[in-house]
Amino acid sequence: MAYKYCVAENWGKGFITHSDSSKYQVSGFPGNVWQIPANSQDANLWVYKVAGTFKTKAEAQAIVDVEVTAAQAAWDALPDAQKQEPLGRPRPTAIVLE
Amino acid sequence: MTTYKGINGFAVQSVATDPSPLDEGQVWYNNATYAFKLAGYNVAGWATGGNLSNSRGWLAGSIGTQTAGIVAGGLNPSDIKITNTEEYDGTAWTSGGSIGPPGGIYVNTLVGTQTAGLSISGESTGAPGNTLTQKYDGSSWTNTGSLNTARQVGGAAGTQTATIYFGGNSYPTTSNAMENFNGTSWTTSPATIGTSRYNMLGIGTQTAALSAGGNKDNAGTPYGVNIVESWNGTAWTTGTTMPGGKERLGGGGTQTAAIVFGGRNAGTDVATTFTWNGTSWSNQPSMPATKANLGSGGNTSSAYAAGGSLSIPYSNTTFEWTGAEVATKTITTS
Numbered sequence: 045m046a047y048k049y050c051v052a053e054n055w056g057k058g059f060i061t062h063s064d065s066s067k068y069q070v071s072g073f074p075g076n077v078w079q080i081p082a083n084s085q086d087a088n089l090w091v092y093k094v095a096g097t098f099k100t101k102a103e104a105q106a107i108v109d110v111e112v113t114a115a116q117a118a119w120d121a122l123p124d125a126q127k128q129e130p131l132g133r134p135r136p137t138a139i140v141l142e
Numbered sequence: 030m031t032t033y034k035g036i037n038g039f040a041v042q043s044v045a046t047d048p049s050p051l052d053e054g055q056v057w058y059n060n061a062t063y064a065f066k067l068a069g070y071n072v073a074g075w076a077t078g079g080n081l082s083n084s085r086g087w088l089a090g091s092i093g094t095q096t097a098g099i100v101a102g103g104l105n106p107s108d109i110k111i112t113n114t115e116e117y118d119g120t121a122w123t124s125g126g127s128i129g130p131p132g133g134i135y136v137n138t139l140v141g142t143q144t145a146g147l148s149i150s151g152e153s154t155g156a157p158g159n160t161l162t163q164k165y166d167g168s169s170w171t172n173t174g175s176l177n178t179a180r181q182v183g184g185a186a187g188t189q190t191a192t193i194y195f196g197g198n199s200y201p202t203t204s205n206a207m208e209n210f211n212g213t214s215w216t217t218s219p220a221t222i223g224t225s226r227y228n229m230l231g232i233g234t235q236t237a238a239l240s241a242g243g244n245k246d247n248a249g250t251p252y253g254v255n256i257v258e259s260w261n262g263t264a265w266t267t268g269t270t271m272p273g274g275k276e277r278l279g280g281g282g283t284q285t286a287a288i289v290f291g292g293r294n295a296g297t298d299v300a301t302t303f304t305w306n307g308t309s310w311s312n313q314p315s316m317p318a319t320k321a322n323l324g325s326g327g328n329t330s331s332a333y334a335a336g337g338s339l340s341i342p343y344s345n346t347t348f349e350w351t352g353a354e355v356a357t358k359t360i361t362t363s
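Just so you know, the protein sequences line up as chains U and G, in that order.
If you read the first sequence in the working numbering, its first letter stands for residue 45, the second for the next number, and so on.
If you read the second sequence in the working numbering, its first letter stands for residue 30, the second for the next number, and so on.
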């Protein structure tokens, strides 16, 4: 399936409605990046409803990478005891957008 | 001209209040709101709900409903244990009473309701697991009888006054033990779950429960299992496995009508949703984003998934599940 990407701030209630999700899948990633099916009129209209800004896949990936890198740096600064599963926190892993 | 009466043999009723229960395909005129209405079918899916005031991860258990939910404790974005409680009304989160101990707690298993909740075990001292049990009355948390065996991230099912707690991890041992809570104290049960594991979800009541998913590898291998076990008040039996493995999952419902969502499998957070009808599991639409070690509650008709994640920064989002249902729709012309 082909996807499009946008950046939009999730303000909470009403950002994605039940009516929206009954028509298409919106998937969220770090950095307020949202993935929608490319060939859906409803999904494309949703981006406008939430005041989103379309991004190319490369731009969206770059935003996600910045967030993941920051989270990894924060994890690296944690004491060793906090890093190992199951007691500790796993290092945030890279996310590759489809 | 084709008419409704011609098709159905009767005219559209004019009523002052919408009928209940609804019959799919039913049409009526509401003369109080001057609107033609239809009993239509809503497909199941997720929507966003109100955001938490405090981002938090490392939550556990299933408590309350979509319109009366609760999260308590967890880790904040600075990776520090917190005591903060938040309550959800289906629209927004508001502050509740502080959960103990004063230094904060996380992965405490929540069960019960927003006004009669129970928090079982958790990590609060740096040692893995404890016996701490706390009650919530909608305003304040108070300590009550302690678990007999210290462990954490076991499953729980029931109410504040009638709960079972099973499995869990008391490093380096993974537990299969079960204890019963009567509102005051815990009693070790002679029954045990079939597969020792932790990070599973308990669903149902003290006498009719499910134990779904979890992790059975005490070496900490980060994978979720699809194991389901069923409790009838006397013994655990192996149930139908879920369509996929999950640990650190959320959900709710009953032994015969359950929903599970999110969690973690093979070291990766997942957004998948499964429902159980007492006979088989079904794949459902996924959440808008992944969540593991999340706050959750509800049932197959409506549920909530709040906060979550194992890694900083933790989430402040809430997702709301609405199951497939026949619902009132207003007929418009345009």
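Even glycine gets a Cβ: it sits at the ideal position worked out from N, Cα and C.
Quick caveat, the model's predicted, so the values are computed rather than measured.
Discussion item. Please return the same chain residues whose Cβ sits closer than 6 Å to the Cβ of residue 307 of chain G, not counting the five positions on each side in sequence.
Written reply: Result list for residue 307 of chain G: 285, in chain order.
Worksheet item: In chain U, which residues lie less than 8 Å from residue 318 of chain G when you measure between Cβ atoms?
Response: In chain order: 71, 72 and 73.
Worksheet entry | residue 346 of chain G versus residue 56 of chain U - alpha carbon distance | Straight-line Cα distance between these residues: approximately 7 Å.
Item to complete: Apply the 10 Å Cβ neighbour rule to residue 358 of chain G and answer buried if 16 or more other Cβ atoms are within range, or exposed otherwise.
Response: Answer is exposed; the Cβ neighbour count stays below 16.
Item to complete: Check the DSSP bridge columns for residue 185 of chain G and list the partner residues they point to.
Response: Assignment of beta-bridge partners to residue 185 of chain G by DSSP yields G:194.
Worksheet item: Using the beta-carbon of each residue, which ones in chain G are nearer than 7 Å to residue 119 of chain U?
Response: Contact note: residue 119 of chain U reaches chain G through 340 and 341, using a C-beta cutoff of 7 Å and chain order.
Discussion item. Cβ closer than 9 Å: which chain U residues qualify as neighbours of residue 179 of chain G?
Written reply: Result: empty, since nearest Cβ-Cβ is about 14 Å, beyond 9 Å.
Fill in: Listed by chain order, chain G residues near residue 61 of chain U by CB distance under 7 Å
What residue 61 of chain U touches in chain G, judged by beta-carbon distance under 7 Å, is 76, going in chain order.
Worksheet item: Less than 8 Å separating the beta-carbons of residue 55 of chain G and residue 68 of chain G?
Response: At a Cβ-Cβ threshold of 8 Å, residue 55 of chain G and residue 68 of chain G count as neighbours.
Discussion item. Let me confirm a value: residue 295 of chain G is counted as buried when at least 16 other C-beta atoms fall within 10 Å, else exposed. Which label applies?
Written reply: By the neighbour-count rule (16 or more Cβ atoms within 10 Å), residue 295 of chain G is not buried but exposed.
Fill in: Residue(s) in a DSSP beta bridge with residue 110 of chain G
Looking at the DSSP output, residue 110 of chain G bridges to G:104.
Discussion item. At 3 residues or longer, what runs of the beta strand (DSSP E) sit wholly inside the stretch 233–274 of chain G?
Written reply: Runs of the beta strand (DSSP E) inside the stretch 233–274 of chain G: 238–241, 257–260 and 265–267.
Worksheet item: Can you give the Cα-Cα distance for residue 265 of chain G and residue 237 of chain G, rounded to whole angstroms?
Response: Taking the straight line joining both Cα atoms gives about 10 Å.
Worksheet item: Can you check whether the CB of residue 89 of chain G is closer than 8 Å to the CB of residue 136 of chain G?
Response: Yes, they are a contact pair.
Worksheet entry | Nearest candidate by alpha-carbon position, reference residue 243 of chain G, set G:263, G:105, G:234 and G:270 | Of G:263, G:105, G:234 and G:270, the residue nearest in Cα terms is G:270.
Worksheet entry | Where residue 34 of chain U falls: helix, strand or coil (DSSP) | The shown model of chain U, from 45 to 142, leaves out residue 34 of chain U, and the question about it has no answer.
Worksheet item: Considering only residues of the same chain and omitting the five flanking positions on each side of residue 213 of chain G, which have a CB-CB separation below 8 Å?
Response: Short of 8 Å from the beta carbon of residue 213 of chain G, and not among the five residues preceding or following it, lie these beta carbons of its own chain, in chain order: 173 and 174.
Worksheet item: Around the C-beta of residue 171 of chain G, are 16 or more other C-beta atoms found within 10 angstroms, so that it is buried, or is it exposed?
Response: Residue 171 of chain G is exposed by the Cβ-count criterion.
Item to complete: Please state whether DSSP places residue 285 of chain G in a helix, a strand or coil.
Response: When secondary structure is reduced to three states using DSSP, residue 285 of chain G falls in the coil class, being assigned neither helix nor strand.
Worksheet item: Using a Cβ-Cβ cut-off of 6 Å (strictly less than) and excluding sequence neighbours within five positions of residue 256 of chain G, which residues of its own chain qualify?
Response: Excluding positions up to five away in sequence, the list reads 224.
Discussion item. I want to see whether chain G comes within less than 8 Å of residue 115 of chain U, judged by CB atoms only; does it?
Written reply: Using a Cβ-Cβ cut-off of 8 Å, residue 115 of chain U counts as an interface residue toward chain G, since at least one Cβ of chain G sits closer than that to its own.
Worksheet item: Which residues, in chain order, does the stretch 108–126 of chain G contribute to contact with chain U at a C-beta distance below 7 Å?
Response: Result list: 108 and 120.
Discussion item. Measuring only the C-alpha atoms, how far is residue 215 of chain G from residue 192 of chain G?
Written reply: Going from the Cα of residue 215 of chain G to the Cα of residue 192 of chain G covers about 9 Å.
Worksheet item: Among G:84, G:329, G:46 and G:41, which residue has its Cα nearest to the Cα of residue 289 of chain G?
Response: Ranked by Cα distance from residue 289 of chain G, the options G:84, G:329, G:46 and G:41 are led by G:329.
Practice prompt. Could you work out which residue in G:176, G:303 and G:71 is closest to residue 282 of chain G when comparing CA atoms only?
Written response: Of G:176, G:303 and G:71, the residue nearest in Cα terms is G:303.
Practice prompt. For the beta strand (DSSP E) holding residue 58 of chain G, just list the boundary residues, first then last.
Written response: Taken as a continuous stretch (DSSP letters only), the beta strand (DSSP E) holding residue 58 of chain G covers 56–59.
Practice prompt. Could you name each continuous beta strand (DSSP E) segment of 3 residues or more that falls completely within the stretch 126–168 of chain G, going from the start of the chain to the end?
Written response: If we require 3 residues or more, the beta strand (DSSP E) runs fully inside the stretch 126–168 of chain G come out as 138–141, 146–149 and 162–165.
Practice prompt. Reducing DSSP to helix, strand and coil, say where residue 101 of chain U ends up.
Written response: DSSP, reduced to helix, strand and coil, places residue 101 of chain U within a helical segment of the structure shown.
Practice prompt. Return the CA-CA distance between residue 62 of chain G and residue 356 of chain G, expressed in angstroms with no decimal places.
Written response: Their backbone Cα atoms lie some 17 Å apart in a straight line.
Worksheet item: Going along the chain, which residues of the stretch 49–60 of chain U sit with their C-beta nearer than 9 Å to a C-beta in chain G?
Response: Residues passing the 9 Å Cβ filter: 54, 55, 56, 57, 58, 59 and 60.
Worksheet entry | Span separating the alpha-carbon of residue 120 of chain G from that of residue 123 of chain U | Going from the Cα of residue 120 of chain G to the Cα of residue 123 of chain U covers about 38 Å.
Worksheet item: For chain G, is any of its Cβ atoms less than 8 Å away from the one on residue 134 of chain U?
Response: Residue 134 of chain U counts as touching chain G.
Discussion item. Here's a check: name, in chain order, each residue in its chain whose Cβ is nearer than 8 Å to the Cβ of residue 93 of chain U, leaving out the five neighbours to either side.
Written reply: Here residue 93 of chain U has no same chain residue with a Cβ atom under 8 Å from its own Cβ, once five neighbours each way along the sequence are excluded.
Practice prompt. Helix, strand or coil for residue 127 of chain U, going by three-state DSSP, please let me know.
Written response: Look at residue 127 of chain U here: in three-state DSSP terms it is coil, with no helix or strand label.
Item to complete: Report the neighbours of residue 126 of chain U on chain G: residues whose CB is nearer than 9 Å to its CB, in chain order.
Response: The answer, in chain order, is 108.
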